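Residue numbers (my numbering): 374 to 564.
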Amino acid sequence: MYQILVVDDERIERNGIKMLLRHMQLPCEIAEAANGRDALEYLKDHTADILLTDVKMPFMDGIQLIEECKKDDRNEDMKCVIFSGCSEFDYARKAVRLGVSDYILKPVDPSEFKETITRVIQELEAERAEKNMKKKSMQQMREHALYQIVNGVNVAEVLEKSGGVLTKSDVDCFCRILMLETDDDFSEKWC
Numbered sequence: 374m375y376q377i378l379v380v381d382d383e384r385i386e387r388n389g390i391k392m393l394l395r396h397m398q399l400p401c402e403i404a405e406a407a408n409g410r411d412a413l414e415y416l417k418d419h420t421a422d423i424l425l426t427d428v429k430m431p432f433m434d435g436i437q438l439i440e441e442c443k444k445d446d447r448n449e450d451m452k453c454v455i456f457s458g459c460s461e462f463d464y465a466r467k468a469v470r471l472g473v474s475d476y477i478l479k480p481v482d483p484s485e486f487k488e489t490i491t492r493v494i495q496e497l498e499a500e501r502a503e504k505n506m507k508k509k510s511m512q513q514m515r516e517h518a519l520y521q522i523v524n525g526v527n528v529a530e531v532l533e534k535s536g537g538v539l540t541k542s543d544v545d546c547f548c549r550i551l552m553l554e555t556d557d558d559f560s561e562k563w564c
């Protein structure tokens, strides 16, 4: 399920974008805000995978909104798409500097919009898959480190062999391991 935040000061535009998104039948929840300030307020308590924003709005424009979003670590994976009637080069240049996924001119062409959203969702899925792979790989490296430590390899050597991927904090959680080996049936003696 994707969380999409649509930000535009014109209700008709917001409704048009929401209609296009519904027509695409994406697995998504759509929220909306009338300006950048309201969008930031929404993002304090919610997350968004995709931010679709106009540029020129009262209180806070779309460029300022994206700049503020980029400052918050919770929004680091959020994809930003600008849809605007402004074709001024300065806005586009700022958008590129901020890492905006696309800049769509109004009136929004439905086929261009669909192509853009499809591409952005594919990017999100690829990034999620890569993060998941990295997470699994790190878990396997930690387990292998534990195996090495239990079998007598020095912690410093384990860290060195990891090539800097593992840090001391990755193996610190292993410092309180107690292993008992007995020939007796443990459950009969101690339970």
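Just so it is clear, CB atoms sit at the ideal spot from N, CA and C, and this is done for glycine as well.
Bear in mind that the values here come from a model prediction, so they are computed numbers and not experimental data.
If contacts are defined as beta-carbon pairs under 8 Å, then D434 and A407 qualify, I think. What distance do you get, rounded to the angstrom?
The residue given as residue 434 occupies position 61 in the sequence shown. The residue given as residue 407 occupies position 34 in the sequence shown. D434 to A407, Cβ: 13 Å. No contact.
Nearest by alpha-carbon distance to P431: which of K443, L471, R410, P483 is it?
Within the sequence shown, numbered from 1, the residue matching residue 431 stands at position 58. For P431, the closest C-alpha among the options K443, L471, R410, P483 is that of R410.
Assigned secondary structure, D427 (DSSP; H/G/I helix, E/B strand, else coil)
Counting from one through the sequence shown, the residue named residue 427 turns up at place 54. In the three-state reduction of the DSSP assignment, D427 falls in the coil class.
What's the gap between the Cα of L497 and the Cα of V538?
Looking up residue 497 in the sequence shown gives position 124. Looking up residue 538 in the sequence shown gives position 165. CA-CA distance, L497 to V538, rounds to 25 Å.
Tell me whether the stretch 486–501 and the stretch 517–536 touch, counting them as touching only if at least three CB pairs, one residue from each stretch, are closer than 8 Å.
No contact exists between the stretch 486–501 and the stretch 517–536.
Which term fits V526, buried or exposed, when burial requires 16 or more other beta carbons within 10 angstroms of its beta carbon?
The residue labelled residue 526 in the question sits at position 153 within the sequence shown. Exposed, by the Cβ-count rule.
Per DSSP, what kind of secondary structure is Q512 in: helix, strand or coil?
The sequence position of residue 512 within the sequence shown is 139, counting from 1. Note: Q512 maps to helix in three-state DSSP.
Please tell me whether I377 and L425 are closer than 8 Å, where the distance is taken between their beta carbons.
Here residue 377 corresponds to residue number 4 of the sequence shown, with the count starting at 1. Here residue 425 corresponds to residue number 52 of the sequence shown, with the count starting at 1. The criterion of a C-beta distance shorter than 8 Å is satisfied by I377 and L425.
Counting Cβ pairs, one atom from each stretch, are 3 or more of them under 8 Å apart for the stretch 387–403 and the stretch 465–478?
Under the Cβ criterion (8 Å, minimum of three pairs), the stretch 387–403 does not count as touching the stretch 465–478.
8 Å Cβ cutoff met for I477 and I455
One-based indexing of the sequence shown puts residue 477 at position 104. One-based indexing of the sequence shown puts residue 455 at position 82. Taking 8 Å as the Cβ cut-off, I477 and I455 qualify as a contacting pair.
Does V481 come out as helix, strand or coil in the three-state DSSP assignment?
Within the sequence shown, numbered from 1, the residue matching residue 481 stands at position 108. The answer is coil: DSSP assigns V481 none of H, G, I, E or B.
Just verifying my parser: in three-state terms, what is the DSSP assignment at S535?
Reading the sequence shown from its first residue, position 162 is the one you call residue 535. Coil.
If you run the structure through DSSP and keep just helix, strand and coil, what is A421?
Position 48 of the sequence shown, counted from the first residue, corresponds to residue 421. Coil at A421, not helix or strand.
Would a C-beta distance cut-off of 8 Å place L413 and E441 closer than the cut-off?
For the purposes of this step, residue 413 is taken as the residue at position 40 of the sequence shown. For the purposes of this step, residue 441 is taken as the residue at position 68 of the sequence shown. Result yes, Cβ atoms of L413 and E441 sit closer than 8 Å.
Please classify R501 as buried or exposed, where buried requires at least 16 neighbouring CB atoms within 10 angstroms.
For the purposes of this step, residue 501 is taken as the residue at position 128 of the sequence shown. Around the CB of R501, fewer than 16 other CB atoms lie within 10 Å, so the residue is classed as exposed.
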